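Peer 1: Quick one: the structure is below, and I'll ask about it shortly.
Numbering (the numbering used here), first residue to last: 1 to 273.
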């Protein structure tokens, strides 16, 4: 996420005069975040028993204290100059928490963060246009490498279920350290990006397989540690011996290209029977 060159202003809040709520599908009486057309964003959380609440986000350095109102709702407004999609969280008496009013969650092993969409950013490349849409499917499989049940996400392009004999190239897309198999979908918006590019003829219809990239059940080690090298070796086996074989290639001539993902009788049926 980009956050260089930002101007962060923290101040006691009244509500901005022109705001857009990012989303409040659960009818939560506290609306957060609220984005002003001028780039000011108001964050709020109900914590009537808390003695200190702070805001943390990748659009700022450190944390910003929030002010408690008489109804027990803590709020703060910050100024963000660069549009993007940013993780943020609340620290309530030292305990990190995602925003209970925001349905957009950052999938990560270590921190509990929500997502802020600043205006004009996602609309450029990562928000669905009026184009045919593909699907993102949640799949489960048993890994003989890890001796455990695992999950992965698979993006299939528009028309995939109708064109059962067509062969598609397959991209295996792995998230960053401590992120999960959902990160490229929920944060990276890979489905919207590809739908838009395919509709414009700027990308070939393809399958995108998003496995969970990190192996140990006790957590992801630091990248420079000896344990990390062992983890990477295990992931290489997981990818080649479990993930790729799970999507066994269809026996359809494809001119020597990567063949299409097909798994008859699997939990995730990507081709109709």
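A virtual CB, placed ideally from N, CA and C, is assigned to each residue, including glycine.
The structure displayed is predicted, hence computed values, not measured ones.
#1: Cα-Cα, which of 156, 161, 51, 61 is closest to residue 69?
#2: DSSP state of residue 195, grouped into three classes?
#3: Count the other C-beta atoms from every protein chain shown that fall within 10 angstroms of the C-beta of residue 113, then say buried if there are 16 or more, exposed otherwise.
#4: Pick out whichever of 33, 241, 38 has its Cα sitting closest to the Cα of residue 143.
#5: Return helix, strand or coil for residue 358, following the three-state DSSP convention.
#6: When the Cα of residue 171 is compared with those of 139, 221, 85, 211, which residue comes out closest?
#7: If you run the structure through DSSP and keep just helix, strand and coil, what is residue 318?
#8: Can you tell me which of the three DSSP states residue 164 falls into?
#9: May I ask you to verify whether the stretch 199–211 touches the stretch 95–113, counting CB pairs closer than 8 Å and requiring at least 3?
#10: So, helix, strand or coil for residue 112, using DSSP?
#11: Is it the case that the Cβ atoms of residue 134 and residue 164 are separated by a distance below 8 Å?
#12: If you draw a straight line from the C-alpha of residue 90 to the C-alpha of residue 166, how long is it?
#13: Quick one: residues in its chain with C-beta nearer than 6 Å to the C-beta of residue 206, no 5 flanking neighbours on either side, listed in chain order?
#14: Can you name, in chain order, every residue of its own chain whose Cβ lies under 8 Å from the Cβ of residue 28, other than the five neighbours on each side?
#15: Give the C-beta separation of residue 59 and residue 86 to the nearest angstrom, bearing in mind that I take them to be a contact with Cβ-Cβ under 8 Å.
#16: Between the alpha carbons of residue 139 and residue 71, how many angstroms are there, rounded?
#17: What is the rounded straight-line gap between the Cα of residue 226 and the Cα of residue 65?
#18: For a test of the three-state rule: what should DSSP assign to residue 234, helix, strand or coil?
#19: Expressed to the nearest angstrom, what Euclidean distance is found between the alpha-carbon atoms of residue 197 and residue 247?
#20: Excluding sequence positions up to five away, which residues of its chain have a Cβ less than 7 Å from the Cβ of residue 98?
#21: Buried or exposed for residue 94, please, with buried defined as at least 16 other CB atoms from any protein chain shown within 10 angstroms of its CB.
#22: Could you pull the start and end residues of the beta strand (DSSP E) that residue 156 belongs to?
#23: Output yes or no for whether 8 Å exceeds the beta carbon distance between residue 230 and residue 145.
#24: Taking all protein chains shown into account, do 16 or more other C-beta atoms lie within 10 angstroms of the C-beta of residue 37, making it buried, or fewer, making it exposed?
#25: Is residue 131 near residue 78, with beta carbons less than 8 Å apart?
#26: When you compare only the Cα positions, how much space is there between residue 233 and residue 213?
Peer 2: Taking the definition as stated:
#1: Nearest of 156, 161, 51, 61 to residue 69, Cα basis: 51.
#2: Reduced to three states, the DSSP call for residue 195 is helix.
#3: Counting other Cβ atoms within 10 Å of its Cβ, residue 113 reaches 16 or more and is therefore classed as buried.
#4: Considering only alpha carbons, the answer is 241.
#5: Since the first and last residues shown for the chain are 1 and 273, residue 358 lies out of range.
#6: The residue with the shortest Cα to Cα distance from residue 171 is 211.
#7: Coverage of the chain is limited to positions 1 through 273, which leaves residue 318 absent and any answer about it impossible.
#8: In the three-state scheme derived from DSSP, where H, G and I count as helix and E and B as strand, residue 164 is classed as coil.
#9: These segments do not touch.
#10: If DSSP states are grouped into helix, strand and coil, residue 112 belongs with coil.
#11: In this structure, residue 164 does not lie closer than 8 Å to residue 134 by Cβ.
#12: Cα to Cα, residue 90 sits roughly 48 Å from residue 166.
#13: Counting only Cβ-Cβ distances below 6 Å, and skipping sequence neighbours, we find 168, 169, 171.
#14: Within the same chain, residue 28 has close Cβ partners 100, 101.
#15: Contact holds; Cβ gap of about 5 Å.
#16: Near 44 Å, if we compare the C-alpha coordinates of residue 71 and residue 139.
#17: Distance between the alpha carbons of residue 226 and residue 65: 39 Å.
#18: It is helical.
#19: Approximately 24 Å between the Cα atoms of the pair.
#20: If we look at residue 98 and ignore the five residues flanking it on each side, its Cβ neighbours are 89, 105, 112, 113, 114.
#21: With fewer than 16 Cβ atoms within 10 Å of its Cβ, residue 94 is classed as exposed.
#22: Run containing residue 156: 148–156, per the beta strand (DSSP E) assignment.
#23: Not closer than 8 Å, so no.
#24: Answer is exposed; the Cβ neighbour count stays below 16.
#25: Going by C-beta atoms, residue 131 is not nearer than 8 Å to residue 78.
#26: Cα to Cα, the separation comes out at about 11 Å.
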